[in-house]
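At position 59 of the sequence shown the residue is numbered 98 (this note's numbering), and the sequence of numbers has no breaks.
All residues carry an ideal CB built from backbone N, CA and C; glycine is no exception.
Heads up: the structure comes next, in structure tokens.
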Amino acid sequence: MATTQSGTHVVYQEKVRPSVGMWILVVVAALSTALMVMPVWQLGTIILPIVSFVLFAWWLNSLTLTIIVTERQLFVGEAHIDRTFVPGAVAFDGEEARQARGVDLDARAFLKIRPWAKSVVRIDLDDETDPTPYWLVSSRHPHELAAALTP
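And the structure:
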């Protein structure tokens with residue numbers, strides 16, 4: 040079991056990385072830049088796709104979502120909350136996940152969703168001072184994340 044710097048044990052950890060399909064889109068986008076400059080800059084047909092790929096890959100990699108659940112806190116990307124304010128969580132797959140991200144979404148909810156991870160977890164909050172009713176978080180393993188957050 041892993042331990043954080045504060046000495047609490049990590050209960051669950053996940054990195055929601057971009058899918059293969061998203062990386063293919065990055066490659067296609069980078070290669071298409073060569074077509075834009077081919078008529079006017081022959082050297083650019085080599086340089087521009089390489090530079091574009093590096094920039095697109097850096098941007099896409101920066102969208103990786105890190106989720107860490109410890110005994111005391113929940114970290115989702117840069118956001119964190121004390122677990123005393125989290126009474127439970129519910130995992131959604133397939134059609135339920137689509138509805139949770141769409142028609143059933145509360146406008147006050149905190150969102151950390153990624154288009155390449157179709158499953159989501161609704162993390163309920165119980166804090167009278169916070170108007171946010173829940174967090175909606177993308178996860179590749181939603182049932183495991185929900186189980187880690189449910190007492």
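- With respect to V55, L99 sits apart: the two C-beta atoms are not nearer than 8 Å.
- For T189, there is no enclosing beta strand (DSSP E), as DSSP marks it with neither H nor E.
- Secondary structure note for F124: it is in no beta strand (DSSP E), with a DSSP letter that is neither H nor E.
- Beta-bridge annotation (DSSP): T109 is paired with V49.
- Note that the C-beta distance between E183 and Y51 is below 8 Å.
- In the DSSP assignment, L99 falls outside any beta strand (DSSP E) and lies within the alpha helix (DSSP H) extending over G83 to S101.
- As for any beta strand (DSSP E) of minimum length 3 sitting wholly inside the region 143-167, the runs are 149-151 and 159-163, ordered along the chain.
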